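Chains A and B, in that order, are what the protein sequence lines are. Quick note: the first sequence uses the numbering used here, first residue 285, plus one each step. Quick note: the second sequence uses the numbering used here, first residue 285, plus one each step. We put the CB at the ideal spot given by N, CA and C, even for glycine. In this text, all values refer to a predicted model and were calculated from it rather than measured experimentally. For reference, the structure discussed in these notes is given below.
2 protein chains.
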Amino acid sequence: MTEEEVEGMQRFKVGELVVDPGTPILMEGSNSPQLFTALHGMGLRFRHLENGERQVINFVFPGDFLGLQAGLMGEMGHSVEATTKMTLCVFNRSELWSYIRADPERGFELAWLAAVEEHFLGETLTTVGQRTALQAIAWAFVRIYLRVKACGNGGDGAIRFPFKQKDLADALGLSLVHTNKTIGILKSRQLIGWTGEEVLIHDLAGLAKVGLTTVSKPKNRPIM
Amino acid sequence: MTEEEVEGMQRFKVGELVVDPGTPILMEGSNSPQLFTALHGMGLRFRHLENGERQVINFVFPGDFLGLQAGLMGEMGHSVEATTKMTLCVFNRSELWSYIRADPERGFELAWLAAVEEHFLGETLTTVGQRTALQAIAWAFVRIYLRVKACGNGGDGAIRFPFKQKDLADALGLSLVHTNKTIGILKSRQLIGWTGEEVLIHDLAGLAKVGLTTVSKPKNRPIM
DNA sequence: CGATCCTTTGAGCGCAGTCAAGGCGCGTGG
DNA sequence: CCACGCGCCTTGACTGCGCTCAAAGGATCG
Numbered sequence: 285m286t287e288e289e290v291e292g293m294q295r296f297k298v299g300e301l302v303v304d305p306g307t308p309i310l311m312e313g314s315n316s317p318q319l320f321t322a323l324h325g326m327g328l329r330f331r332h333l334e335n336g337e338r339q340v341i342n343f344v345f346p347g348d349f350l351g352l353q354a355g356l357m358g359e360m361g362h363s364v365e366a367t368t369k370m371t372l373c374v375f376n377r378s379e380l381w382s383y384i385r386a387d388p389e390r391g392f393e394l395a396w397l398a399a400v401e402e403h404f405l406g407e408t409l410t411t412v413g414q415r416t417a418l419q420a421i422a423w424a425f426v427r428i429y430l431r432v433k434a435c436g437n438g439g440d441g442a443i444r445f446p447f448k449q450k451d452l453a454d455a456l457g458l459s460l461v462h463t464n465k466t467i468g469i470l471k472s473r474q475l476i477g478w479t480g481e482e483v484l485i486h487d488l489a490g491l492a493k494v495g496l497t498t499v500s501k502p503k504n505r506p507i508m
Numbered sequence: 285m286t287e288e289e290v291e292g293m294q295r296f297k298v299g300e301l302v303v304d305p306g307t308p309i310l311m312e313g314s315n316s317p318q319l320f321t322a323l324h325g326m327g328l329r330f331r332h333l334e335n336g337e338r339q340v341i342n343f344v345f346p347g348d349f350l351g352l353q354a355g356l357m358g359e360m361g362h363s364v365e366a367t368t369k370m371t372l373c374v375f376n377r378s379e380l381w382s383y384i385r386a387d388p389e390r391g392f393e394l395a396w397l398a399a400v401e402e403h404f405l406g407e408t409l410t411t412v413g414q415r416t417a418l419q420a421i422a423w424a425f426v427r428i429y430l431r432v433k434a435c436g437n438g439g440d441g442a443i444r445f446p447f448k449q450k451d452l453a454d455a456l457g458l459s460l461v462h463t464n465k466t467i468g469i470l471k472s473r474q475l476i477g478w479t480g481e482e483v484l485i486h487d488l489a490g491l492a493k494v495g496l497t498t499v500s501k502p503k504n505r506p507i508m
């Protein structure tokens with residue numbers, strides 16, 4: 285989300301909300317009357333299977349819009365939960381329509397947001413479906429690093445990543461044990477480091493090579 | 285896509301295009317000057333990994349919009365290819381903006397389309413990441429059946445499904461051999477039949493149970 | 001200083017992948 | 001008319017990546 289968009293949405297904000305780690309923000313299947321933009325902190329989007337298995341859809345970073353599906357379709361396809369303490373910008377779902385009507389470009393903004401999500405989900409699906417565990421985890425660190433750096437945090441090769449190995453495992457469709465051992469391989473190859481809430485990317489190009497991916501600069505929304 | 289939306293878009297159509305089976309329609313990474321709506325026939329959306337592996341993102345049925353990512357982001361995240369002979373409604377990408385500007389609801393329509401795609405991709409991701417092969421294939425047949433029935437074709441338990449087992453395998457991140465054997469299990473349990481281009485759903489409820497999913501009616505776009 | 005949560009490591013198993021070969025339907029050409 | 005090739009489906013044997021079970025460190029906290 286560009287700064288102008290954040291700016292524009294601020295006019296529709298109802299207030300700010302600060303939530304503690306572990307707080308559910310949106311529930312799968314629900315039709316929340318409120319939508320959010322993440323201002324600080326990090327979280328998780330995920331779905332549950334009937335047998336209790338969890339699929340992490342992606343990680344939530346500052347700037348992410350939460351509740352687009354509820355706003356557009358009337359029902360969330362996944363849940364959102366805070367992993368760290370988070371502060372959220374709150375909107376009323378009922379005002380989304382007036383937001384769109386105010387300027388035709390607003391609808392375009394939302395469509396663009398959804399399209400970006402779709403694009404990323406397609407890439408994730410390809411990872412989970414086709415990459416090996418080693419490739420998938422290498423890919424994930426490349427994506428996460430680029431995503432975090434894009435929102436300003438983490439200048440050099442270090443980023444804050446307050447998630448558990450189980451979260452990454454659930455994001456990639458792997459077991460915790462196998463994820464742990466595979467991370468160990470990447471560590472031993474001097475490609476990454478991960479201690480506590482800090483991840484070190486020692487060799488981005490090497491990681492990208494292992495992960496069968498390329499490091500391209502993220503594109504901004506085109507002005508039509 | 286509702287009939288009114290199709291109606292609305294028809295005004296922006298440049299013409300119709302008929303393509304033969306196997307024809308590439310959109311290429312991953314490209315910025316096609318043309319966007320399409322599928323009118324007849326079926327196709328595939330897919331991505332390729334650097335090692336040549338293919339992930340099928342989903343199946344294209346009549347009514348699907350093709351090229352939304354190119355229109356909104358300037359670059360496709362996946363390729364689209366015709367599986368059968370297809371007829372497409374053609375639009376100019378450059379007119380997308382005037383289409384949106386004509387009516388604020390237009391932007392909403394596009395955002396809604398993208399959100400529906402995102403919703404479905406999240407469900408697919410959960411399948412590939414968390415369901416076993418048997419559960420995944422059962423889930424896939426439930427989704428496909430509901431999707432095909434939603435666009436009018438296939439009244440009773442029979443639908444036209446002109447895809448190969450390899451296509452389904454690539455959609456679920458499974459090997460062809462294992463997919464074949466797993467389909468055999470579903471056949472022997474009298475849940476489905478699959479001969480040539482026809483799939484028979486003998487027991488939708490039973491399939492849904494195996495696939496750890498529920499058969500709920502699809503929701504229409506809410507009128508805000 | 002026990003309790004709890006997370007990470008790490010080892011052992012063994014099994015689901016799904018790979019390799020290989022055969023069957024079947026269909027179109028093509030001798 | 002039949003032989004042949006080709007694409008796709010089917011089946012069997014074997015392999016191995018990743019899962020499960022289990023237990024042992026560390027770190028943090030009341």
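Leaving aside the five residues that flank Val-302 of chain A on each side, the residues in its chain whose CB is nearer than 6 Å to its CB run, in chain order, Thr-371. Interface annotation for the region 370–395 of chain A against chain B: Ser-378, Leu-380, Trp-381, Ile-384, Arg-385, Ala-386, Asp-387, Pro-388, Glu-389, Arg-390, Gly-391, Phe-392, Glu-393, Leu-394, Ala-395, criterion Cβ-Cβ distance under 9 Å. Identification of chain B residues near Ile-341 of chain A by a Cβ-Cβ cut-off of 7 Å yields Gly-406, Leu-409, ordered along the chain. The continuous stretches of alpha helix (DSSP H) do not include Gln-474 of chain A, and DSSP gives it neither H nor E. If you check each beta-carbon in the region 480–494 of chain B against every beta-carbon of chain A, none falls closer than 8 Å.
Across the structure, Phe-447 of chain A and Ala-489 of chain A are spaced so that their CA atoms are roughly 23 Å apart. For the pair Asp-454 of chain B and Gln-339 of chain B, the CB atoms are nearer than the 8 Å cut-off. DSSP places Ser-363 of chain A in the uninterrupted beta strand (DSSP E) bounded by 363–366. With a cutoff of 8 Å on beta-carbon distance, Thr-307 of chain A and Ala-366 of chain A are scored as near each other.
Among the residues facing chain A, Asn-335 of chain B is included, as its CB has a counterpart in that chain under 8 Å away. Burial state of Cys-373 of chain A is buried, judged by a 10 Å Cβ sphere holding 16 or more other Cβ atoms. Residue-level contact check: Leu-352 of chain B touches chain A, since one or more beta carbons of chain A fall below 8 Å from its beta carbon.
In the structure shown, Asn-376 of chain B adopts extended strand secondary structure according to DSSP, grouped into three states. Nearest CB-CB separation between Arg-427 of chain B and chain A: not below the 8 Å threshold. Burial state of His-403 of chain A is buried, judged by a 10 Å Cβ sphere holding 16 or more other Cβ atoms. For Lys-297 of chain A, the secondary structure class from DSSP, reduced to helix, strand or coil, is strand.
Taking CB atoms only, Ala-417 of chain B has no neighbour in chain A less than 8 Å away. Among the residues of chain B, those whose CB is under 7 Å from the CB of Arg-331 of chain A are Gly-406, Thr-410, following chain order. With 16 or more neighbouring CB atoms inside 10 Å of its own CB, Glu-393 of chain B falls in the buried class.
Close CB contacts of Lys-450 of chain B within its chain, under the 6 Å cut and outside five residues either way in sequence, are with Leu-460 (chain order).
By the beta-carbon neighbour count (other beta carbons within 10 angstroms, threshold 16), His-362 of chain B is buried. Uninterrupted beta strand (DSSP E) stretches at least 3 residues long and entirely within the region 433–506 of chain A occur at 442–444, 476–479, 482–485, given in chain order.
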